[in-house]
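These protein sequence lines map, in sequence, to chains A, B and C.
Reminder that position 29 of the first sequence reads as 91 in my numbering, one-by-one numbering, no gaps.
Reminder that position 1 of the second sequence reads as 63 in my numbering, one-by-one numbering, no gaps.
Reminder that position 9 of the third sequence reads as 71 in my numbering, one-by-one numbering, no gaps.
One structure below.
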Amino acid sequence: MNRKVNLLMFSGDFDKAMAALILANTAKEMKLDVTMFFAFWGLFLVRDPASLSTDHKTTYEKMFGMMTPKGIEDLPLSKMNFAGIGKEMLKEMMKDDDTPSLSAFLKGAQNKGVKFYGCKLSMEVMGFKKEEMIPQLEVVDAKTYMEDALESDLQLFI
Amino acid sequence: MNRKVNLLMFSGDFDKAMAALILANTAKEMKLDVTMFFAFWGLFLVRDPASLSTDHKTTYEKMFGMMTPKGIEDLPLSKMNFAGIGKEMLKEMMKDDDTPSLSAFLKGAQNKGVKFYGCKLSMEVMGFKKEEMIPQLEVVDAKTYMEDALESDLQLFI
Amino acid sequence: MNRKVNLLMFSGDFDKAMAALILANTAKEMKLDVTMFFAFWGLFLVRDPASLSTDHKTTYEKMFGMMTPKGIEDLPLSKMNFAGIGKEMLKEMMKDDDTPSLSAFLKGAQNKGVKFYGCKLSMEVMGFKKEEMIPQLEVVDAKTYMEDALESDLQLFI
């Protein structure tokens, strides 16, 4: 049986998403199985910017959908307190260094067969519909996450 | 031997507490053993709002006790940078969706027999007394946490 | 074979660094093997304040180096939203309680033989050179981290 990595994606931060996707891509290149479970703010990583909709949503859900990041490139940095370091500066430094963009890492994970799980309860609370997410996303409950995590050799809360 | 989950509760955030308590309740329903170890800001989750006191505390400890969240419903959100999303909005969306409150999830974890550990060093630094915490809380050192975590099948830092 | 702990140090926060270094020191006292892998903001923990340089850096890298924490005592707190609690207050409370300083915990980890890994990609993006870091730091790629983590009995993302 393959060794297995399970990443619980809680935060919707650009930099943490970057770290997690680099780990996921690396693990797949090492022939490991990888599951990413997106809950709460983590769901912002797997919204499909081209498929967003306001149909069948409450007023709060519509506001929430409009005010929050519309996709992975739209995520904020986790750090506000390192004076003056913005996402643009980090992106510029990554470009100088030929590091791929965050979308490229996400696309890589999709192509390499990372398993994408979305937390059912979080999606209901936030009013996100399956059709608004990347096509690979499977909507599951916390029990399914737990079973997958317990079988894994490395589990992280990110 | 039962499979076992160990959650190190470091952050004192409303949303992370919610995620962790949903995992803890789910794990208990799956007949897993669950330990939650509360350190640093995580201790705010297990203060008992009805038992707080300022006896035998230094000035800093008194100030600290007064200025910080007095119990689980008092916790802030981890995210300040998704423009305009406040805790009230999230709570409203949870209510629309019939999701139980954070206190209900904590009560559930207490009733289901989750093991509650409090970090001795953190409690000393913050000036929190055992009598001010929920009755289930056992005060232990980092070595006890480590032994419990090493025996577990899933460990997360939250 | 020794039981093993692997800590992925992502955040550059004073309080999380404290928690992680207490765990690392405790684990070494229990005769466990410990690896700390420093990536992104976590690299701020292992900059050597006495060895910083601006040689062979781009303008962004120079700015980044100057604007960010110059060593472990320079790190900010993870929490900005507990009204009025600053790092100085926490340090004062630790002093009242005879808790060692963060530098002392780092020195302890260095002396006890914790393995220090620095993320190659993060160092390149941030423009940090090996000579600017603590001497124990070995620069490795994500694959090396992954192998070490998979062999460990406890892995945390901090």
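The C-beta atom is built at its ideal place from N, Cα and C for all residues, glycine as well.
Predicted model only: the values in this text are computed from it and were never measured.
Euclidean distance between Cα positions of residue i and residue j
i: L212 (chain C); j: L69 (chain A); result: 13 Å
i: I84 (chain C); j: T121 (chain A); result: 46 Å
i: I134 (chain B); j: K149 (chain B); result: 13 Å
i: L199 (chain C); j: E193 (chain C); result: 10 Å
i: N173 (chain B); j: D110 (chain B); result: 16 Å
i: F167 (chain B); j: F178 (chain A); result: 26 Å
i: G180 (chain A); j: T116 (chain B); result: 44 Å
i: E123 (chain C); j: K205 (chain C); result: 25 Å
i: N87 (chain C); j: M125 (chain A); result: 47 Å
i: D95 (chain C); j: Q217 (chain C); result: 12 Å
i: G175 (chain B); j: S113 (chain B); result: 22 Å
i: P197 (chain A); j: K169 (chain A); result: 12 Å
i: I220 (chain A); j: G74 (chain A); result: 9 Å
i: F72 (chain A); j: L105 (chain B); result: 20 Å
i: K203 (chain B); j: A171 (chain C); result: According to the sequence displayed, residue 203 (chain B) carries Asp and not Lys. Taking the straight line from one Cα to the other gives about 18 Å.
i: D210 (chain B); j: K157 (chain A); result: 44 Å
i: V201 (chain C); j: V201 (chain A); result: 38 Å
i: D215 (chain B); j: S214 (chain A); result: 9 Å
i: K182 (chain C); j: T97 (chain A); result: 24 Å
Member of the options whose CA lies at the smallest distance from the CA of residue i
i: P131 (chain B); options: B:T116, B:S140, B:W103; result: B:W103
i: L137 (chain A); options: A:D160, A:Q198, A:L164; result: A:L164
i: F99 (chain B); options: B:G189, B:M151, B:S115, B:A79; result: B:A79
i: Y207 (chain C); options: C:M129, C:A101, C:A82; result: C:A101
i: D159 (chain A); options: C:F190, C:V176, C:T161; result: C:F190
i: A90 (chain C); options: C:K66, C:D77, C:L218, C:L105; result: Checking the sequence, you will find Lys at residue 90 (chain C) rather than Ala. Residue C:K66 is the option with its Cα nearest to K90 (chain C).
i: S140 (chain C); options: C:D203, C:A81, C:D215, C:N64; result: C:A81
i: K153 (chain B); options: B:G127, B:F76, B:L107, B:M129; result: B:F76
i: M155 (chain A); options: C:K169, C:G127, C:K157; result: C:G127
i: K119 (chain C); options: C:A171, C:K182, C:V187, C:L183; result: C:V187
i: P162 (chain B); options: A:L107, A:E209, A:S73, A:S184; result: A:S184
i: K93 (chain C); options: C:N64, C:V201, C:M129; result: C:N64
i: M129 (chain A); options: B:M151, B:V108, B:M129; result: B:M151
i: L107 (chain B); options: B:E209, B:M195, B:T97; result: B:M195
Under 7 Å by beta carbon: chain B residues contacting residue i
i: K141 (chain C); result: W103
Beta carbon proximity, residue i to chain B, threshold 7 Å
i: A211 (chain A); result: yes
i: I84 (chain C); result: yes
Test: residue i CB closer than 7 Å to a CB of chain C
i: R65 (chain A); result: yes
i: T97 (chain B); result: no
i: L219 (chain B); result: According to the sequence as given, residue 219 (chain B) is Phe; it is not Leu. Yes, its Cβ sits closer than 7 Å to a Cβ of chain C.
i: L137 (chain A); result: no
i: D215 (chain A); result: yes
Chain A contact residues for residue i, given Cβ-Cβ distances below 8 Å
i: L78 (chain B); result: Here residue 78 (chain B) is Lys; the residue named in the question, Leu, does not match the sequence. Ordered by position in chain A, the residues that pass the 8 Å Cβ test against K78 (chain B) are F72.
Test: residue i CB closer than 7 Å to a CB of chain A
i: M208 (chain C); result: yes
Under 7 Å by beta carbon: chain C residues contacting residue i
i: M129 (chain A); result: Neighbours of M129 (chain A) on chain C: none; closest Cβ ~19 Å, over 7 Å.
Chain B contact residues for residue i, given Cβ-Cβ distances below 8 Å
i: L183 (chain A); result: I84, T161
Residues, ordered as in the chain, of the region 186 to 205 of chain A that lie near chain B by beta-carbon distance below 9 Å: E186, V187, M188, G189, D203, A204, K205
Residues of the region 103 to 123 of chain B in Cβ contact with chain C at a cutoff of 8 Å, in chain order, please. W103, T120, Y122, E123
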